[in-house]
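With the sequence shown counted from 1, adding 32 to any position gets you the numbering used here. This report concerns only the one structure given below.
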Amino acid sequence: MTTTRTSERERRLSFKYGPKPVVGLIGAIGAGKSTAARCFTGRGGQVIDADALGHEALRQPEIVAALMKRWGERIVREDGSLDRREIGRIVFADRNERSALEATVFPYINRRTQTEISAAQANPDVGFVVLDAAVLLEAGWGDLVDTLAYVDAPREMRSVRLAARSGWDEAELTARESAQWSAEAKKARADTVLVNDGSRDELQAQVDRFVAQFCNVNGVRL
33 MTTTRTSERE RRLSFKYGPK PVVGLIGAIG AGKSTAARCF TGRGGQVIDA DALGHEALRQ
93 PEIVAALMKR WGERIVREDG SLDRREIGRI VFADRNERSA LEATVFPYIN RRTQTEISAA
153 QANPDVGFVV LDAAVLLEAG WGDLVDTLAY VDAPREMRSV RLAARSGWDE AELTARESAQ
213 WSAEAKKARA DTVLVNDGSR DELQAQVDRF VAQFCNVNGV RL
(Lines of atoms letter the chains of each structure in order from A and count residues from 1; the text may use other names and numbers.)
(Lines give C-alpha, C1' and ligand atoms only; values in the text may rest on other atoms or scores of the structure.)
Protein backbone atom coordinates (compact mmCIF):
# COMPACT_ATOMS: atom_id res chain seq x y z
CA MET A 1 0.00 0.00 0.00
CA THR A 2 2.82 2.42 0.82
CA THR A 3 4.34 1.93 -2.61
CA THR A 4 0.99 2.55 -4.29
CA ARG A 5 0.36 5.73 -2.31
CA THR A 6 3.85 6.98 -3.16
CA SER A 7 3.33 6.29 -6.84
CA GLU A 8 0.04 8.18 -6.86
CA ARG A 9 1.63 11.10 -5.06
CA GLU A 10 4.52 11.15 -7.51
CA ARG A 11 2.11 11.20 -10.43
CA ARG A 12 0.15 14.02 -8.83
CA LEU A 13 3.30 16.05 -8.31
CA SER A 14 4.71 15.34 -11.74
CA PHE A 15 4.52 18.04 -14.37
CA LYS A 16 5.97 18.12 -17.87
CA TYR A 17 9.51 18.81 -16.69
CA GLY A 18 9.46 17.42 -13.17
CA PRO A 19 7.94 18.16 -9.77
CA LYS A 20 7.60 21.93 -10.34
CA PRO A 21 4.99 23.47 -12.62
CA VAL A 22 5.96 25.78 -15.45
CA VAL A 23 3.72 28.82 -15.85
CA GLY A 24 3.62 30.37 -19.31
CA LEU A 25 3.25 34.16 -19.12
CA ILE A 26 1.91 35.98 -22.15
CA GLY A 27 -0.03 39.20 -22.60
CA ALA A 28 -1.08 42.21 -24.60
CA ILE A 29 1.80 44.43 -25.70
CA GLY A 30 2.41 47.04 -23.02
CA ALA A 31 0.08 45.39 -20.51
CA GLY A 32 2.82 44.94 -17.92
CA LYS A 33 3.93 41.36 -18.41
CA SER A 34 7.34 42.10 -16.89
CA THR A 35 5.65 43.57 -13.81
CA ALA A 36 3.55 40.43 -13.49
CA ALA A 37 6.72 38.33 -13.82
CA ARG A 38 8.20 40.18 -10.84
CA CYS A 39 5.02 39.43 -8.90
CA PHE A 40 5.55 35.72 -9.55
CA THR A 41 9.20 36.01 -8.53
CA GLY A 42 8.12 37.41 -5.19
CA ARG A 43 6.17 34.22 -4.53
CA GLY A 44 8.98 31.76 -5.18
CA GLY A 45 8.93 31.52 -8.94
CA GLN A 46 12.00 31.65 -11.17
CA VAL A 47 11.43 33.65 -14.33
CA ILE A 48 12.91 32.63 -17.66
CA ASP A 49 12.92 35.72 -19.88
CA ALA A 50 12.52 34.61 -23.49
CA ASP A 51 13.18 38.15 -24.71
CA ALA A 52 16.56 38.12 -22.98
CA LEU A 53 17.29 34.75 -24.57
CA GLY A 54 16.38 36.29 -27.91
CA HIS A 55 18.97 39.01 -27.35
CA GLU A 56 21.43 36.28 -26.42
CA ALA A 57 20.60 34.47 -29.65
CA LEU A 58 21.50 37.56 -31.66
CA ARG A 59 25.01 37.41 -30.20
CA GLN A 60 25.67 33.85 -31.39
CA PRO A 61 28.19 33.82 -34.27
CA GLU A 62 26.24 31.36 -36.41
CA ILE A 63 23.04 33.38 -36.05
CA VAL A 64 24.83 36.66 -36.74
CA ALA A 65 26.33 35.14 -39.88
CA ALA A 66 22.97 33.82 -41.10
CA LEU A 67 21.22 37.15 -40.62
CA MET A 68 24.05 39.12 -42.21
CA LYS A 69 23.92 36.80 -45.20
CA ARG A 70 20.24 37.61 -45.60
CA TRP A 71 20.20 41.33 -44.82
CA GLY A 72 23.75 42.52 -45.26
CA GLU A 73 25.77 45.13 -43.40
CA ARG A 74 22.79 47.39 -42.77
CA ILE A 75 21.90 45.35 -39.67
CA VAL A 76 25.39 45.69 -38.14
CA ARG A 77 26.38 48.52 -35.81
CA GLU A 78 29.80 50.14 -35.73
CA ASP A 79 30.80 47.97 -32.77
CA GLY A 80 29.98 44.81 -34.75
CA SER A 81 26.81 43.93 -32.86
CA LEU A 82 23.48 43.45 -34.57
CA ASP A 83 21.18 46.46 -34.71
CA ARG A 84 17.96 45.11 -33.21
CA ARG A 85 16.04 48.26 -34.08
CA GLU A 86 16.98 47.93 -37.75
CA ILE A 87 16.09 44.25 -37.70
CA GLY A 88 12.76 45.20 -36.18
CA ARG A 89 12.07 47.64 -38.99
CA ILE A 90 12.78 44.90 -41.52
CA VAL A 91 10.73 42.12 -39.99
CA PHE A 92 7.68 44.12 -38.94
CA ALA A 93 7.34 45.46 -42.47
CA ASP A 94 7.45 42.06 -44.17
CA ARG A 95 5.90 38.84 -42.90
CA ASN A 96 8.33 36.72 -44.92
CA GLU A 97 11.32 38.44 -43.35
CA ARG A 98 9.81 37.98 -39.91
CA SER A 99 9.35 34.28 -40.62
CA ALA A 100 12.99 34.06 -41.68
CA LEU A 101 14.13 35.68 -38.43
CA GLU A 102 11.96 33.37 -36.36
CA ALA A 103 13.24 30.28 -38.18
CA THR A 104 16.77 31.39 -37.34
CA VAL A 105 16.43 32.37 -33.68
CA PHE A 106 13.48 30.40 -32.29
CA PRO A 107 15.27 27.01 -32.21
CA TYR A 108 18.07 28.54 -30.14
CA ILE A 109 15.61 30.15 -27.71
CA ASN A 110 13.71 26.87 -27.40
CA ARG A 111 16.86 24.92 -26.53
CA ARG A 112 18.02 27.50 -24.00
CA THR A 113 14.56 27.62 -22.44
CA GLN A 114 14.52 23.87 -21.92
CA THR A 115 17.97 24.05 -20.35
CA GLU A 116 16.83 26.79 -17.98
CA ILE A 117 13.68 24.89 -17.05
CA SER A 118 15.71 21.78 -16.23
CA ALA A 119 18.10 23.82 -14.08
CA ALA A 120 15.19 25.38 -12.21
CA GLN A 121 13.66 21.96 -11.59
CA ALA A 122 16.91 20.91 -9.92
CA ASN A 123 17.21 24.06 -7.80
CA PRO A 124 15.74 23.49 -4.32
CA ASP A 125 15.23 27.23 -3.85
CA VAL A 126 12.80 27.43 -6.78
CA GLY A 127 9.14 26.73 -6.11
CA PHE A 128 7.91 26.96 -9.69
CA VAL A 129 9.02 28.26 -13.07
CA VAL A 130 7.64 31.15 -15.11
CA LEU A 131 8.33 31.32 -18.84
CA ASP A 132 7.90 34.99 -19.76
CA ALA A 133 7.49 34.82 -23.53
CA ALA A 134 5.40 37.27 -25.54
CA VAL A 135 5.32 34.95 -28.57
CA LEU A 136 4.98 31.68 -26.66
CA LEU A 137 1.94 30.59 -28.63
CA GLU A 138 3.11 31.94 -31.97
CA ALA A 139 6.43 30.10 -31.58
CA GLY A 140 4.73 26.81 -30.73
CA TRP A 141 6.17 26.66 -27.21
CA GLY A 142 2.89 25.80 -25.54
CA ASP A 143 4.14 22.29 -24.87
CA LEU A 144 6.82 23.74 -22.58
CA VAL A 145 4.33 24.94 -19.96
CA ASP A 146 1.79 23.39 -17.62
CA THR A 147 -0.52 26.40 -17.36
CA LEU A 148 -0.90 29.74 -19.10
CA ALA A 149 -1.54 33.24 -17.71
CA TYR A 150 -2.42 36.24 -19.89
CA VAL A 151 -1.74 39.81 -18.74
CA ASP A 152 -4.20 42.39 -20.04
CA ALA A 153 -4.80 46.14 -19.75
CA PRO A 154 -6.98 48.66 -21.60
CA ARG A 155 -5.52 49.66 -24.96
CA GLU A 156 -5.41 53.36 -24.11
CA MET A 157 -3.39 52.61 -21.00
CA ARG A 158 -1.04 50.35 -22.94
CA SER A 159 -0.58 52.98 -25.64
CA VAL A 160 0.41 55.61 -23.05
CA ARG A 161 2.86 53.22 -21.39
CA LEU A 162 4.52 52.31 -24.68
CA ALA A 163 4.80 55.92 -25.80
CA ALA A 164 6.57 56.78 -22.54
CA ARG A 165 8.73 53.66 -22.42
CA SER A 166 9.64 53.07 -26.05
CA GLY A 167 8.51 56.12 -27.96
CA TRP A 168 5.97 54.09 -29.92
CA ASP A 169 3.06 55.77 -31.64
CA GLU A 170 -0.28 54.13 -32.41
CA ALA A 171 0.93 52.92 -35.80
CA GLU A 172 3.91 51.14 -34.24
CA LEU A 173 1.71 49.45 -31.66
CA THR A 174 -0.70 48.30 -34.36
CA ALA A 175 2.15 46.91 -36.46
CA ARG A 176 3.54 44.98 -33.51
CA GLU A 177 0.13 43.62 -32.57
CA SER A 178 -0.48 42.44 -36.13
CA ALA A 179 2.63 40.26 -35.86
CA GLN A 180 1.13 38.30 -32.96
CA TRP A 181 -1.99 36.29 -32.30
CA SER A 182 -5.04 38.39 -31.48
CA ALA A 183 -5.85 39.13 -27.85
CA GLU A 184 -9.01 37.05 -28.17
CA ALA A 185 -7.10 34.01 -29.43
CA LYS A 186 -4.54 34.26 -26.65
CA LYS A 187 -7.15 34.73 -23.94
CA ALA A 188 -8.98 31.67 -25.23
CA ARG A 189 -5.84 29.61 -24.63
CA ALA A 190 -5.05 31.09 -21.21
CA ASP A 191 -6.07 29.47 -17.94
CA THR A 192 -6.35 32.87 -16.29
CA VAL A 193 -6.35 36.55 -17.25
CA LEU A 194 -4.50 39.02 -15.02
CA VAL A 195 -5.84 42.56 -15.51
CA ASN A 196 -3.15 45.16 -14.90
CA ASP A 197 -5.19 48.36 -14.84
CA GLY A 198 -4.60 49.37 -11.25
CA SER A 199 -1.86 49.32 -8.64
CA ARG A 200 1.03 46.90 -8.30
CA ASP A 201 -0.61 45.54 -5.14
CA GLU A 202 -3.79 44.78 -7.07
CA LEU A 203 -1.82 42.88 -9.70
CA GLN A 204 0.09 41.02 -6.98
CA ALA A 205 -3.19 39.95 -5.40
CA GLN A 206 -4.35 38.48 -8.72
CA VAL A 207 -1.05 36.62 -9.12
CA ASP A 208 -1.36 35.28 -5.59
CA ARG A 209 -4.86 33.97 -6.27
CA PHE A 210 -3.70 32.30 -9.47
CA VAL A 211 -0.74 30.63 -7.76
CA ALA A 212 -2.92 29.47 -4.86
CA GLN A 213 -5.57 28.06 -7.17
CA PHE A 214 -3.05 26.28 -9.35
CA CYS A 215 -1.44 24.77 -6.25
CA ASN A 216 -4.73 23.53 -4.90
CA VAL A 217 -5.78 21.97 -8.20
CA ASN A 218 -2.51 20.12 -8.57
CA GLY A 219 -1.90 19.27 -4.93
CA VAL A 220 1.35 21.20 -4.83
CA ARG A 221 2.44 23.75 -2.25
CA LEU A 222 4.55 26.49 -3.79
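Idealized CB from N, CA, C, for every residue including glycine.
message: Quick check on this structure: which residue in Ala60, Ile80, Gln245 and Pro156 has the alpha carbon closest to the alpha carbon of arginine 144?
response: Of the listed residues, the one whose Cα sits closest to arginine 144 is Ile80.
message: In the DSSP assignment, the beta strand (DSSP E) including leucine 114 goes from what residue to what residue?
response: It is not in any beta strand (DSSP E) - leucine 114 carries neither H nor E in the DSSP assignment.
- prompt: Applying the criterion that 16 or more other CB atoms from any shown protein chain within 10 Å of the CB defines a buried residue, is valine 192 buried or exposed?
  reply: By the beta-carbon neighbour count (other beta carbons within 10 angstroms, threshold 16), valine 192 is exposed.
- request: Could you check how far apart the C-beta atoms of glutamine 78 and alanine 154 are, in whole angstroms? I think they sit under 8 Å.
  value: With 8 Å as the limit, glutamine 78 and alanine 154 do not qualify as a contact, their Cβ atoms being about 11 Å apart.
message: Here's the rule I'm using: 16 or more other beta-carbon atoms within 10 Å means buried, otherwise exposed. How should glutamine 238 be labelled?
response: buried
- prompt: Between which two residues does the alpha helix (DSSP H) containing glycine 86 stretch?
  reply: 82 to 89
message: What ranges does the alpha helix (DSSP H) occupy inside the stretch 119 to 188, keeping only unbroken runs of at least 4 residues that lie completely in it?
response: 127 to 154
query: So what's glutamine 238 in DSSP terms, helix, strand or just coil?
result: helix
message: In this structure, how does DSSP classify glutamine 245 when only helix, strand and coil are distinguished?
response: helix
query: What is the rounded straight-line gap between the Cα of proline 53 and the Cα of glycine 104?
result: 42 Å
message: Is the beta carbon of leucine 169 closer than 8 Å to that of isoleucine 58?
response: yes
Residues that isoleucine 58 bridges to, as DSSP identifies them: Tyr182
Glycine 104 (DSSP reduced to helix, strand or coil): helix
query: Buried or exposed: alanine 82, going by 16 or more other Cβ atoms within 10 Å of its Cβ?
result: buried
field: Neighbourhood of methionine 189 by C-beta, 7 Å cutoff - its chain only, sequence neighbours within 5 removed
entry: Asp229
- request: Could you check if aspartate 184 is buried or exposed, using at least 16 other CB atoms within 10 Å of its CB as the buried criterion?
  value: buried
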